[in-house]
Amino acid sequence: MRPKKLGHRLSEPHILFPLLTMVLLVVIWSAAYELIRTRHQSALQQAQETARDMAVTYHAQLLRTLREIELSISMVAYVQEGQPAGTAVNVLVDRGMLPSAMLFSVSIYDGLGQLLASNSAGATTLSGPVLEAIIASNPEDHLWISTAQFDEHAHRWSLIFVRSLSQTIQSSPLIITVTIDAEFFVSSYEATRLGEQGMLALIDDNGRVLVRRSGDTIDIDGPLITDDVPASLLAGDGHLVEFAHPFDNINRFYTTQRLFGFPLTLVTGVSVDEQMADATIISLQCCF
């Protein structure tokens, strides 16, 4: 008997059907893989876009707040020029030209840290460490910002924005401050966009955290810029960097942006896993 040709053998049911099944499985798995890859890439791009959008939004919001702080201090300095010590705040309060004391506590102190005037009833003398830091910085031509200070009266952490002012009527310079609840700077955190593992933080020029929020957790003080942080994240130019910071080991898309005119940097981040969760679920469904 002559052997059957290969074509005839492949057409036999016990060979053809398994072969067609294998081909069909390859087609299905290829389509599933392409779907997973496409969705994963789309989710990745969406996560990166979210990180960029939120960075731009928070940057604009924070700059507006800082400009208002700067304007308040400048108005006090302008009105105070040549006037008896501490009168500027009262004048501006009477004219309704200062922000609400519920948000911004605007005060004037003498060179020894004694309170002269304030728009807030809870204002007190400057603490020794803060006063020493102000004197060392001598912020006559620039804005100085404290690390977070615990306000015993208000039972909260605050940031103090400071400018010193030479006074012609008395030998001692004056110190103008705007004190704000530290949590105010991360109060616009949107969990619907940043997620429960996102990041919103304000750091100073030394890489130290002034205030940081992730989900509902708010941290005060502590280092953010450490030796293992990528150099690209230190640039502060808004570039997106994927990195798992050792303080919580959550992999995030980070951006850092210098706040022009201020010794501050804004840090925003979204959790890669959290942003990619839907794509991961779809991938698992496709596999099973």
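Our numbering applies: residue 6 is where the sequence shown begins, and numbers increase by one. Ideal Cβ placement from N, Cα and C applies to all residues, glycine included. Please read all numbers here as calculations on a predicted model, not as lab measurements.
With 16 other Cβ atoms within 10 Å as the buried cut-off, status of residue i
i: F265; result: exposed
i: L11; result: Below a pLDDT of 50, predicted positions are generally treated as unreliable, and L11, at 49, falls in that range; no measurement from the model is reported.
i: H158; result: exposed
i: S77; result: buried
i: A128; result: buried
i: M6; result: With a pLDDT of 46 at M6, under the threshold of 50, the modelled position of this residue cannot be trusted; read the value that follows with caution. Under this definition M6 is an exposed residue.
i: H244; result: exposed
i: G203; result: buried
i: R168; result: buried
i: T197; result: exposed
i: H250; result: buried
DSSP bridge partner residues for residue i (one or two, in chain order)
i: M204; result: G274
i: V246; result: Y259
i: W149; result: V167
i: D156; result: R161
i: S35; result: According to DSSP, S35 bridges with nothing at all.
Contact test: residue i Cβ vs the ligand GDP heavy atom, cutoff 8 Å
i: A82; result: This structure lacks the ligand GDP, and indeed carries no ligand of any kind.
Reduced DSSP category for residue i - H, G, I as helix; E, B as strand; rest coil
i: V214; result: strand
i: D226; result: coil
i: D58; result: helix
i: M6; result: The predicted model places M6 with a pLDDT of 46, which falls under 50 and marks its position as unreliable; any figure quoted below should be read in that light. Reduced to three states, the DSSP call for M6 is coil.
i: L30; result: helix
i: L49; result: helix
i: L306; result: In the structure as shown, the chain begins at 6 and stops at 293. Residue 306 is therefore absent and cannot be evaluated.
Proximity test, Cβ basis, 9 Å: residue i and chain C
i: R257; result: The question asks about chain C, but that chain is absent: this structure has only one protein chain.
Contiguous alpha helix (DSSP H) assignments of at least 4 residues, all confined to the stretch 64-144:
Every alpha helix (DSSP H) of 4 residues or more that sits fully in the stretch 64-144 is shown, in chain order, as 92-99 and 133-142.
Are there three or more Cβ pairs, one per stretch, closer than 8 Å when the stretch 252-266 is compared with the stretch 26-35?
no
Between the stretch 122-139 and the stretch 88-100, do three or more beta carbon pairs fall short of 8 Å?
yes
I'd like to know if the stretch 143-160 and the stretch 39-59 are in contact, where contact means that at least 3 CB-CB pairs between them fall below 8 Å.
The stretch 143-160 vs the stretch 39-59: no contact.
Let me know the alpha helix (DSSP H) ranges lying completely inside the stretch 161-198, each 4 residues or longer, listed in chain order.
none
Three or more beta-carbon pairs under 8 Å between the stretch 79-87 and the stretch 128-142, yes or no?
no
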